[in-house]
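With the first letter of the sequence shown counted as 1, position 102 gets the number 102 in our numbering; the numbers rise by one all the way through. Down below is the structure, laid out as structure tokens.
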Amino acid sequence: MSPDLAQREIAIAAVALLAIVLGLALGSQRGESSTRVRLPESIPAPDGGWYHARAAATGRDLTPGATTACGQRVMGSTIGIAHPVLPCGVKLYIGNDESEVLTQVIGRGPEAPNVQFGLTDALARTLGVDGRETIRWRYAR
């Protein structure tokens, strides 16, 4: 390979690299100016729908001021759930009637019989759950 040809190939590669870097920089600037938040995708149940479970705003682990078994400090505005098996931090979509919320496992429980999910007070208010109710849920990707 002649030195002129090698020099020409290096110049073309440099221009291509510069174009890629500029394209990425411009693309990231456009992404920062967007006000739309991209949420994780929900994973449907095997039948393509939702799982269903009983839920209630209950449990010492989710009381405002408490620190959960997952190490989360619960505030009055905390949106989270307690579950006896799912690992801390697992993200779920929880729904009731027309409301749907992205939340995560922040504690263990619930202590109430026949209830699979404990809801923080703020999450129960957001979903309109009063007492024990059946909710729908999906994993978030």
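Note that the Cβ used here is the ideal one computed from N, Cα and C, for glycine as well.
Coil, strand or helix - residue i by DSSP
| i | result |
| --- | --- |
| E98 | coil |
| L24 | helix |
| A140 | strand |
| Q116 | coil |
| R160 | For the chain, the structure presents residues 1 to 141; residue 160 sits outside this window and is missing. |
| P3 | helix |
| P110 | coil |
Exposure of residue i, with buried meaning 16 or more beta-carbon neighbours within 10 Å
| i | result |
| --- | --- |
| I43 | exposed |
| P3 | exposed |
| G109 | buried |
| R8 | exposed |
| I79 | buried |
| V115 | buried |
| G118 | buried |
Sub-8 angstroms separation of residue i and residue j beta-carbons
| i | j | result |
| --- | --- | --- |
| A124 | A57 | yes |
| A55 | K91 | no |
| G76 | A122 | yes |
| S99 | L62 | no |
| T120 | V85 | no |
| G95 | A69 | no |
| Y51 | R132 | no |
| V105 | P87 | yes |
| R38 | Y93 | no |
Extent of the continuous alpha helix (DSSP H) to which residue i belongs
| i | result |
| --- | --- |
| R125 | 121-127 |
In chain order, which beta strand (DSSP E) runs of at least 3 residues are fully inside the stretch 38-102? 51-56, 91-96
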